[in-house]
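Structure record follows, encoded as structure tokens.
Here you go:
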């Protein structure tokens, strides 16, 4: 098959003539044209093969134009003729041929009445491996981004160069987000995710009454406990009947306990003489247990407060 013959309408005329018996001179038109284009005889299924002026044909005889292909290899053509009349006059409409060679599809387009060369060609890929192909596009990705870059939505049908530019912007923005996240380990904060960590921080900064979570160890000991702005506040009293020894007053869950033992004193003495040389120590341990150590019994209940930073993990 000579490519220019196909372009000039051989394939189209073979399709149109496939049901003709002869050309009036005893020649079978369908056989003549089908033999010329090297497709074999497809009488009977021509409508399936050639729907909408598309003809599939094989040949190793390629002429015309500068194809980056050798003439020794058979190629498969899928040729669509937009318009070629029976007189052989060529229209100005475009014609496209797709050639397959070694798993690569190449598209050739010829326009106008010039059929001595190809106006353009490009490699296109179908459902084949593209690992060795490169793509030229304007990349926006940088190793150390300094800000976020907005870009249009990714749409179906856009050019590869546009698509990959957007992908490069996506990579750049991910790098910037990673940079904002920093390198500190947050696995110990809440569930270890950014959302969980931020949620925990917000919760810690807000007001929460945790009095219901306090366990009273010495009967009659009052206790009010709450958290605000990341600080634990405790208000309690040493009752007058508290033993003259180390006595556990109440306990908090370990998540509210201080990192180290925290000490305090009587806040406002009901009777200053009542606490002189009587209260040796008041504090709360790292396990969350509050205690008092008295050297002598008190004549009245005496209030005290404790406050310390809430642990972040």
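Numbering (my numbering), first residue to last: 12 to 324.
For each residue, glycine too, the CB sits at the ideal point set by N, CA and C.
Can you grab the Cα-Cα spacing for the pair residue 229 / residue 262, in whole Å?
Walking along the chain shown from the start, residue 229 turns up at place 218. Walking along the chain shown from the start, residue 262 turns up at place 251. Cα to Cα, the separation comes out at about 10 Å.
With a CB to CB cut of under 8 Å and the five nearest residues on each side skipped, what residues in its chain are close to residue 248?
Counted from its first residue, the chain shown places residue 248 at position 237. Once the five neighbours on either side are set aside, the close Cβ partners of residue 248 are 232, 233, 312, 313, 314, 315.
Looking only at its own chain, which residues have a Cβ that is under 6 Å from the Cβ of residue 207, when we skip the five neighbours before and after it?
Here residue 207 is taken as the residue at index 196 of the chain shown, counted from 1. Around residue 207: 201.
Report the residue from 182, 190, 321, 304 whose alpha carbon sits nearest the alpha carbon of residue 260.
Translated into positions along the chain shown, residue 260 becomes position 249. Minimum Cα distance to residue 260 is reached at 304.
Exposed or buried, residue 180, counting other C-beta atoms within 10 Å across all chains shown (16 or more means buried)?
Along the chain shown, one-based indexing puts residue 180 at 169. Buried: at least 16 other Cβ atoms inside 10 Å.
Three-state class that DSSP yields for residue 278 in the structure shown
Mapped onto the chain shown, residue 278 falls at position 267. Note: residue 278 maps to coil in three-state DSSP.
So if DSSP puts residue 236 in a beta bridge, which residue, or which two residues, is it bridged to?
The residue you call residue 236 lines up with position 225 of the chain shown. According to DSSP, residue 236 bridges with 245.
Going straight from the alpha carbon of residue 213 to that of residue 257, what length do you get?
For the purposes of this step, residue 213 is taken as residue 202 along the chain shown, with counting starting at 1. For the purposes of this step, residue 257 is taken as residue 246 along the chain shown, with counting starting at 1. Each residue's alpha carbon lies about 37 Å from the other.
Three Cβ pairs or more, each shorter than 8 Å: is that satisfied between the segment 192-200 and the segment 162-172?
no
According to DSSP, which residues form a beta bridge with residue 301?
Against the chain shown, residue 301 aligns to sequence position 290. Per DSSP, 261, 295.
Hey, how far is the Cα of residue 161 from the Cα of residue 217?
Within the chain shown, the letter at position 150 stands for residue 161. Within the chain shown, the letter at position 206 stands for residue 217. Rounded to whole angstroms, residue 161 to residue 217 spans 34 Å at the Cα level.
With three or more C-beta pairs closer than 8 Å as the rule, is the segment 287-305 touching the segment 271-278?
yes
I'd like to confirm the pairing. Which residues does DSSP put opposite residue 220 in its beta bridges?
For the purposes of this step, residue 220 is identified with residue 209 of the chain shown, where counting begins at 1. 237, per the DSSP bridge assignment.
Measuring alpha carbon to alpha carbon, tell me which residue in 156, 170, 173 is nearest residue 189.
The count along the chain shown starts at 1 and reaches residue 189 at position 178. It is 156 whose Cα lies nearest to the Cα of residue 189.
Can you give the beta carbon distance from residue 226 to residue 321, rounded, assuming they're within the 8 Å contact cut?
In the chain shown, residue 226 corresponds to position 215, counting from 1. In the chain shown, residue 321 corresponds to position 310, counting from 1. In fact, because the Cβ distance is near 18 Å, the residues do not count as touching under 8 Å.
For residue 307, collect the residues of the same chain with a Cβ closer than 6 Å to its Cβ; drop the 5 residues on either side in sequence, then sort them by chain order.
For the purposes of this step, residue 307 is taken as the residue at position 296 of the chain shown. Only 255, 289 meet the Cβ criterion.
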